[in-house]
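First the structure, in the form of structure tokens, and then the observations on it.
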Amino acid sequence: MNLIETGIEKGLVRFDEERNFITYIHQNRKRNFSNPEEKVQAEAFLSLVLIYGYPANRVKNYVSVQMGSETKEADIIVYADDECESPFIVAECKKEEITD
């Protein structure tokens, strides 16, 4: 069984009937799964929770972060605390063909 199927089975993600949109259940956030970068982000999220054991409630997708005078969106942040106030890991995901 792959990560996506395990994530569905464990109640971490779900898909619409056509499997075009993924919903991250813990955040109730729906995204376009036909976007190649989204597939990488889904696998990264599920790896952090299912393989590395981070609690799903501490792993947030698409978080606004302050970078100098700009506000940008981080793909994934793993927090050190249940209140999600102390970032521990910040991950930026790119589609599979990108190597930078």
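In my numbering, the protein residues as written are 582 to 681. C-beta atoms are modelled at their ideal positions from N, C-alpha and C, and glycine is treated no differently. Please read these numbers as outputs of a predicted model, since none were measured by experiment.
query: Proximity of Pro617 and Glu654 at Cβ, strictly below 8 angstroms; result: no
query: For Ser667 and Phe614, the rounded distance between their alpha carbons; result: 29 angstroms
query: Beta-carbon spacing of Lys591, Phe602 below 8 angstroms; result: no
query: Assigned exposure category for Tyr633 - 16 Cβ within 10 Å defines buried; result: exposed
query: Coil, strand or helix - Lys675 by DSSP; result: coil
query: Burial state of Arg639 (16 or more Cβ within 10 Å); result: buried
query: Cβ pair Leu584, Ser628 closer than 8 angstroms; result: yes
query: Given Ala623 as reference, the closest of Glu598, Asp656, Met648, Gln647 once Cα atoms are compared; result: Asp656
query: When Gly649, Thr587, Asn642 are compared against Cys674, the one with the closest alpha-carbon; result: Asn642
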